[in-house]
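Chemist: Heads up: the sequence shown begins at 1 in the UniProt record's numbering, then just goes up one per residue.
Quick reminder that beta carbons are idealized off the backbone N, C-alpha and C, glycines included.
Take a look at the following structure, please.
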Amino acid sequence: MDRIVLHSAHLLDMLETVQGKCDGILDEAYDMAPDIMSLLIDDYRSYCNPETIESQPWEVRPRITCPHGRFNTWAQWVDHAIHCQRATDNKGKVMV
């Protein structure tokens, strides 16, 4: 399951790089980006909740900030959240 979510994060990163640059099918695919983003956050929120997601006009990709750091791509954040999930003790505390 983690691999599927990580691939979805890579897809979201790719979709964000083509936003507004393509017509047709890629624009339709980009319309799915918010849904993919919500799924990623919902799946890993209990392990690492993103505090802010900011996009800068001069940057294509967002910056995701969580209690543990700042990530420049969704794939980086998901990889980190997977690590947090694996580092969670039996009481639900993330040991990162």
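Please tell me whether Arg-63 and Glu-54 are closer than 8 Å, where the distance is taken between their beta carbons.
Modeler: With respect to Glu-54, Arg-63 sits close: the two C-beta atoms are nearer than 8 Å.
Chemist: To the nearest angstrom, how far is the alpha carbon of Pro-67 from that of Glu-51?
Modeler: 7 Å
Chemist: May I have the straight-line CA-CA distance separating Thr-83 from Ser-38, to the nearest angstrom?
Modeler: Checking the sequence shown, residue 83 turns out to be His, not Thr. Answer to the nearest angstrom: the Cα atoms are 19 Å apart.
Chemist: Would you identify the three-state DSSP class for Cys-84, choosing helix, strand or coil?
Modeler: helix
Chemist: When the distance is taken between beta carbons, is His-10 closer than 8 Å to Ala-75?
Modeler: For Ala-75 and His-10, yes; Cβs fall inside 8 Å.
Chemist: So what's Arg-3 in DSSP terms, helix, strand or just coil?
Modeler: Helix.
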